[in-house]
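Asks: My structure is below; once you've seen it, I'll send some questions.
Number of protein chains: 2
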Amino acid sequence: MSGRVAGKVEGPDYRVFPGSPVRLAEIDPNETEGYTRKKEVLPELESLRKRIRRLHEKLYAENKRGLLIVLQAMDTGGKDGTIKHVFTEVNPQGCRVSSFKAPSAEERNHDFLWRYHKSAPAVGRIGIFNRSHYEDVLVVRVKNLVPEEVWRPRYRMIRDFEWTLTHNRISVLKFYLHISKDEQKRRLQSRLDDPDKRWKFSKNDLAERERWDSYQEAFEEAINETSTEHAPWHVVPANKKWYRNLVVARAIAGALERLDPKFPPAEEGLDSVVIPD
Amino acid sequence: MSGRVAGKVEGPDYRVFPGSPVRLAEIDPNETEGYTRKKEVLPELESLRKRIRRLHEKLYAENKRGLLIVLQAMDTGGKDGTIKHVFTEVNPQGCRVSSFKAPSAEERNHDFLWRYHKSAPAVGRIGIFNRSHYEDVLVVRVKNLVPEEVWRPRYRMIRDFEWTLTHNRISVLKFYLHISKDEQKRRLQSRLDDPDKRWKFSKNDLAERERWDSYQEAFEEAINETSTEHAPWHVVPANKKWYRNLVVARAIAGALERLDPKFPPAEEGLDSVVIPD
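Residue numbers (UniProt numbering), protein chains in the order written: chain C, 1 to 277; chain L, 1 to 277.
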């Protein structure tokens, strides 16, 4: 995969960099580094969760830098599951998930980035976008909700927005969870078959599935147009949920380690302090 | 303790109800039901965390009722620690912590409830207030930031606000974490003594400690004035952190069990669905 550059995290680097565009059809969603079973990776995942938890505690105390995590995928691609499995041990104080549905009437009266900017994390925080400003070049394009002369300039607006965040102390990590069309069928079928999951199934999912190729095309272009040095996409092989969790957790732990947050220094003059009864 | 009423949760009921006011000086912050060591309660706490996690998952899926948790305490009383230990296994998707500091210039230009109302949870969510609208009858009163004719009518405004939330599908659970003045001294001293915690110590903590009695008086009146049938306070013995966590976790699990959230029903007509390749 031409777009990969060696990083500091262990394991393969799934980042996409400008000048090395990817073709999604050439990236294997089944890749697992040779691991064959979930239990082989669980110890590493557990240790990564603990590292993320410890680093987040320091990020919060330091209160100087923040992290925005963007999760995008085809339907059933695993955005919810990734949040649940990677972030479940993180202290909810200082970690906020924002899910974006169709915009409200008020939101539609503003520029498309307005509602995402409002939800961007502050310093000291991790913000997770479950869907994001990328929907405005994905579903909007596939369903012709706005004409190309409206959505195409958004690539630049998105690059600029993320550059602004990055240069204002908020690192941006973007993950495309890459599943195959066959795997989506299996996941939809299991929602239909399992009485406990059936409530998650919507007939609308089938209409979206018919647009699979258009969505793939839109994702591929969005990923290539908005992978920048400061905010590259990660294309995560996601047919195996446990491998997807591992790859995302590694990238987040790695990003936090590069930030290297520190507990703040103590106030001056505490040595002489006596606490009265 | 006259204000206690038997509830459905296991263990003593620390709720305060109207008509049975409490005197904080008569409530023992060291109470532990006879437990003497943390490890005696850890299995129950772990099981409560799992119950909260499962019930929260259903609350989120159901998307019909929400829960607002208010945490208040004297400095070092354990608000942050309670969030960390009780909520750490909860999925951050659908659980949001709001911490309130001194109001901004914009917030000061609105009524005092404005910023809290904006942060109230939606249905399907748990919202946690780390400090809350109660600061506007606590610190504001103790430090004479506004005159009594301004802060006293706020008791009624708070009761009305919480009644409105409760009758709009958001249950309100309020916890006062009750520590002794001696215990606060120990906790401040351990922040001074431990190099890893020293950054948490502020000389301003000592000025606040001098106002201990005024704060106790303000808390006691606020608890008695705003304990209602729909939103009673819990006065939680909190000198032992592990017992405090247990009491809070029991109350939250109990409240969620009374809500008894359900996964939503499946769409009609799914039996005939065939997923195309």
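Just so you know, even glycine gets a beta-carbon here, dropped at the ideal spot from N, CA and C. Only a predicted model underlies this, so the values are computations on that prediction, with no experimental measurement involved.
Give the DSSP-derived three-state secondary structure of residue 19/C in the structure shown.
Replies: As a working mapping, residue 19/C is identified with position 19 in the first sequence. DSSP places residue 19/C in coil when its eight states are reduced to three.
Asks: What are the start and end residues of the beta strand (DSSP E) that includes residue 175/C?
Replies: For the purposes of this step, residue 175/C is taken as the residue at position 175 of the first sequence. Start and end: 170-178.
Asks: Rounded to the nearest angstrom, what separates residue 21/C and residue 161/C at their Cα positions?
Replies: Counting from one through the first sequence, the residue named residue 21/C turns up at place 21. Counting from one through the first sequence, the residue named residue 161/C turns up at place 161. Cα to Cα, the separation comes out at about 21 Å.
Asks: Pop quiz: residue 205/C and residue 93/L are said to be a contact at Cβ under 8 Å. What is the actual Cβ separation, rounded to whole angstroms?
Replies: Along the first sequence, one-based indexing puts residue 205/C at 205. Along the second sequence, one-based indexing puts residue 93/L at 93. No, residue 205/C and residue 93/L are not in contact; Cβ-Cβ is about 20 Å, not under 8 Å.
Asks: Distance, Cα to Cα, residue 65/L vs residue 253/L?
Replies: Residue mapping note: residue 65/L aligns to position 65 of the second sequence, counting from 1. Residue mapping note: residue 253/L aligns to position 253 of the second sequence, counting from 1. The straight-line gap from Cα to Cα measures roughly 15 Å.
Asks: Mind pulling the chain C residues with CB within less than 9 Å of residue 88/L?
Replies: Here residue 88/L refers to the residue found at position 88 when the second sequence is read from its first residue. Those within 9 Å of residue 88/L in chain C are 53, 88, 89, 90, 91 and 92.
Asks: For residue 273/L and residue 126/C, I'd like the C-alpha separation in whole angstroms.
Replies: What you label residue 273/L is simply residue 273 of the second sequence in a count that begins at 1. What you label residue 126/C is simply residue 126 of the first sequence in a count that begins at 1. Going by the C-alpha atoms only, they are around 40 Å apart.
Asks: Between residue 166/C and the rest of its own chain, which residues show a CB-CB distance below 7 Å, the 5 nearest in sequence each way excluded?
Replies: To locate residue 166/C, count along the first sequence from 1; it is residue 166. Excluding positions up to five away in sequence, the list reads 172, 230 and 231.
Asks: Roughly how many angstroms separate the alpha carbons of residue 24/C and residue 220/C, rounded to a whole number?
Replies: By 1-based counting over the first sequence, the position of residue 24/C is 24. By 1-based counting over the first sequence, the position of residue 220/C is 220. Approximately 6 Å between the Cα atoms of the pair.
Asks: 7 Å is my cut-off, CB to CB: does residue 199/C come that close to chain L?
Replies: Position 199 of the first sequence, counting from 1, holds the residue named residue 199/C. So, interface residue.
Asks: Can you find the residues in the same chain that come closer than 6 Å, C-beta to C-beta, to residue 191/L, ignoring five residues on each side of it along the sequence?
Replies: Position 191 of the second sequence, counting from 1, holds the residue named residue 191/L. So the list reads 197, 200 and 201, once near-sequence residues are dropped.
Asks: At least one CB of chain L closer than 7 Å to the CB of residue 84/C: is that the case?
Replies: Position 84 of the first sequence holds residue 84/C. Yes, residue 84/C counts as interfacial toward chain L.
Asks: When we look at the beta-carbon of residue 77/L and count the other beta-carbons within 10 Å, is it buried (16 or more) or exposed?
Replies: Indexing the second sequence from 1 puts residue 77/L at position 77. Burial call: buried.
Asks: Pull up the distance between the alpha-carbon of residue 155/C and that of residue 130/C, whole angstroms please.
Replies: Position 155 of the first sequence, counting from 1, holds the residue named residue 155/C. Position 130 of the first sequence, counting from 1, holds the residue named residue 130/C. Approximately 19 Å between the Cα atoms of the pair.
Asks: Under a CB-based cut-off of 7 Å, is residue 266/L close to chain C?
Replies: On the second sequence, residue 266/L is found 266 positions in, with the first residue counted as 1. True, the Cβ-Cβ gap to chain C drops below 7 Å.
Asks: In the structure shown, what three-state DSSP assignment does residue 141/L receive?
Replies: Against the second sequence, residue 141/L aligns to sequence position 141. Helix.
Asks: Exposed or buried, what is residue 124/C when buried is set at 16 or more other beta-carbons lying within 10 Å of its beta-carbon?
Replies: On the first sequence, position 124 is the one that residue 124/C refers to. Classification of residue 124/C: buried, given that the 10 Å Cβ count is 16 or more.
Asks: Taking residue 96/C as the query, report the chain B residues whose CB atoms sit under 9 Å from its CB, ordered along the chain.
Replies: Among the chains of the structure shown, chain B does not appear; the protein chains present are C and L.
Asks: Count Cβ pairs between the stretch 25-42 of chain C and the stretch 174-188 of chain C that sit closer than 8 Å; are there 3 or more?
Replies: Taking 8 Å as the limit for Cβ pairs, the verdict is that the stretch 174-188 of chain C does touch the stretch 25-42 of chain C.
Asks: So what does residue 11/L bridge to, in DSSP terms?
Replies: For the purposes of this step, residue 11/L is taken as residue 11 along the second sequence, with counting starting at 1. None; residue 11/L has no bridge partner.
Asks: Note down, in chain order, every chain C residue with its Cβ under 7 Å from the Cβ of residue 185/L.
Replies: Numbered from its first residue, the second sequence carries residue 185/L at position 185. What residue 185/L touches in chain C: 275 and 277.
Asks: At which residue ranges does the stretch 187-211 of chain L contain complete alpha helix (DSSP H) runs of 4 or more residues, listed in the order of the chain?
Replies: DSSP runs (the alpha helix (DSSP H)) wholly in the stretch 187-211 of chain L: 204-210.
Asks: Ignoring anything shorter than 4 residues or poking outside the stretch 41-101 of chain C, list the alpha helix (DSSP H) runs there in chain order.
Replies: Those alpha helix (DSSP H) runs which fall completely within the stretch 41-101 of chain C and span 4+ residues are 79-87.
Asks: For chain C, find out if any of its Cβ atoms is closer than 7 Å to the Cβ of residue 188/L; answer yes or no.
Replies: Here residue 188/L is taken as the residue at index 188 of the second sequence, counted from 1. It does; some Cβ of chain C falls within 7 Å.
Asks: Can you tell me whether DSSP reads residue 133/L as helix, strand or coil?
Replies: Position 133 of the second sequence, counting from 1, holds the residue named residue 133/L. Three-state result, residue 133/L: helix.
Asks: Since residue 144/C meets chain L, which of its residues come closer than 8 Å, beta carbon to beta carbon?
Replies: Locating residue 144/C in the first sequence gives position 144, where the first residue counts as 1. Those within 8 Å of residue 144/C in chain L number zero; the least Cβ separation is about 22 Å.
Asks: Whose C-alpha, out of 13/C, 142/C and 99/C, is nearest the C-alpha of residue 216/C?
Replies: For the purposes of this step, residue 216/C is identified with residue 216 of the first sequence, where counting begins at 1. It is 142/C whose Cα lies nearest to the Cα of residue 216/C.
Asks: On a Cα-Cα basis, can you pick out the residue from 103/C, 102/C, 109/C and 87/C that is closest to residue 96/C?
Replies: Start at 1 with the first residue of the first sequence, and residue 96/C comes out as number 96. Ranking 103/C, 102/C, 109/C and 87/C by Cα distance to residue 96/C puts 87/C first.
Asks: Please report the Cβ distance between residue 73/C and residue 218/C, rounded to the nearest whole angstrom; I am assuming they are in contact, meaning their Cβ atoms lie under 8 Å.
Replies: By one-based count along the first sequence, residue 73/C stands at place 73. By one-based count along the first sequence, residue 218/C stands at place 218. Rounded, the Cβ-Cβ distance is 13 Å, inconsistent with contact.
Asks: By the DSSP assignment, the alpha helix (DSSP H) with residue 236/C in it spans what residues?
Replies: Sequence index remark: in the first sequence, residue 236/C carries index 236 (1-based). Where residue 236/C is concerned, there is no enclosing alpha helix (DSSP H), although the beta strand (DSSP E) it sits in stretches over 233-237.
Asks: Taking only beta-carbon atoms, is residue 263/L less than 7 Å away from chain C?
Replies: On the second sequence, residue 263/L is found 263 positions in, with the first residue counted as 1. At least one chain C Cβ lies under 7 Å of residue 263/L.
Asks: Would DSSP call residue 254/C helix, strand or coil?
Replies: Along the first sequence, read from residue 1 onward, the residue named residue 254/C stands at position 254. Here residue 254/C sits in helix by DSSP.
Asks: For residue 255/L, which residues in the same chain have their Cβ closer than 7 Å to its Cβ, ignoring the five residues on either side in sequence?
Replies: Position 255 of the second sequence, counted from the first residue, corresponds to residue 255/L. Only 67, 171 and 173 meet the Cβ criterion.
Asks: Residue 61/C touches chain L at which residues, Cβ-Cβ below 9 Å?
Replies: Translated into the one-based positions of the first sequence, residue 61/C becomes position 61. Under the 9 Å cutoff, chain L gives 199 and 200.
Asks: Within the continuous alpha helix (DSSP H) that includes residue 165/L, where are the two ends?
Replies: To locate residue 165/L, count along the second sequence from 1; it is residue 165. Run containing residue 165/L: 154-166, per the alpha helix (DSSP H) assignment.
Asks: According to DSSP, is residue 126/L part of a helix, a strand, or is it coil?
Replies: Here residue 126/L refers to the residue found at position 126 of the second sequence. Reduced to three states, the DSSP call for residue 126/L is strand.
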